[in-house]
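Comments concern the structure below.
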């Protein structure tokens, strides 16, 4: 059985103190316990390391032979501990983030990645390209560390493993239409006017609360059984279908403010019964410091840019 580092540390402490009582005080233990520990070490080695006397302890020949190497071992271990802690504080944290496939969050994520990679200690954000409707399940399973989702009244799926923070409250929803649609220039669209157009909906299992809220809201405004478009896996695929003239969908302010070519977004004349939030969600086991850093950068990127005003020219009092 090998001698452990803690035992060599005890041996050096006793040799430096010259007595078991002083060594016990330095090691924050009691003298009987230290005496027992020393006897166990000597039995393991097979020989005494100290001579005991009422005035204290002195090294035996074997103890004197071992002291310098034991001191170097303890010192090297302390240096290794310090190095590991220092390197750990400057090591790159890796955060696997689910990608969002709509502007401006594509840009916000890219800016956040660059900023966090350049800071000290750095955070490397690895983008995982999965449909954002699949983010909650991917975070819950540990496939990604952080993702994004829409919540209804801030209710989370899998709250036992997920944490969240709202990035934005969605006050208005929009109809995303083909640019060639007859209602494309209508400033506010009644959902009844779209009841015959195929509606793109997510799969209910991807976000049951949002799925139910969409159908509930349409029913509240007279559309009890909307025509359905075939289900596809991602918002990007839905948008491509709509740009090609196939159906419509309901979107929040992010995609609505920056519609892709071939589509337009107009406010939908509905009132939501519940509050909808765009939220960042992360696993409780994720690196919390890295998560907070990414969320902070995303919030900073999404702040409205203040306009700079040119100073007014002073009038010439002589004119």
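Residue numbers (the UniProt record's numbering): 1 to 319.
Don't be surprised by glycine CBs; every beta carbon is placed ideally from N, CA and C.
These numbers come from a predicted model, not from an experiment.
Distance check between residue 163 and each of 248, 146 and 171 places 146 closest, using alpha-carbon atoms only. With contact defined as three or more Cβ pairs closer than 8 angstroms, the region 44-60 and the region 10-23 are in contact. Counted as a single uninterrupted DSSP element, the alpha helix (DSSP H) harbouring residue 240 occupies residues 235-243. In the DSSP assignment, residue 214 falls within the alpha helix (DSSP H) that extends over 208-220. With a threshold of 16 other beta carbon atoms within 10 Å, residue 94 falls short and is exposed. Per DSSP, residue 281 is one residue of the beta strand (DSSP E) stretching across 276-283.
For residue 213, the closest alpha carbon among the candidates 155, 126, 234 and 285 is that of 155. For residue 248, the pairing in a beta bridge is given by DSSP as 199. Around residue 184, the same chain offers 177, 178, 264 and 266 as residues with beta carbons nearer than 8 angstroms, after the five sequence neighbours per side are excluded.
Scanning its chain for C-beta atoms nearer than 7 angstroms, with the 5 sequence neighbours on each side dropped, one finds around residue 199 the residues 226, 227, 228, 229, 247, 248 and 249, in chain order. For residue 20, there is no enclosing beta strand (DSSP E); the residue is part of the alpha helix (DSSP H) that begins and ends at 20-26.
Note that the C-beta distance between residue 294 and residue 167 is not below 8 angstroms. The region 64-72 and the region 217-226 do not touch, with fewer than 3 CB-CB distances between them shorter than 8 angstroms. Apart from the 5 residues on each side of it in sequence, residue 35 sits with its Cβ closer than 8 angstroms to the Cβ of 20 in its chain, given in chain order.
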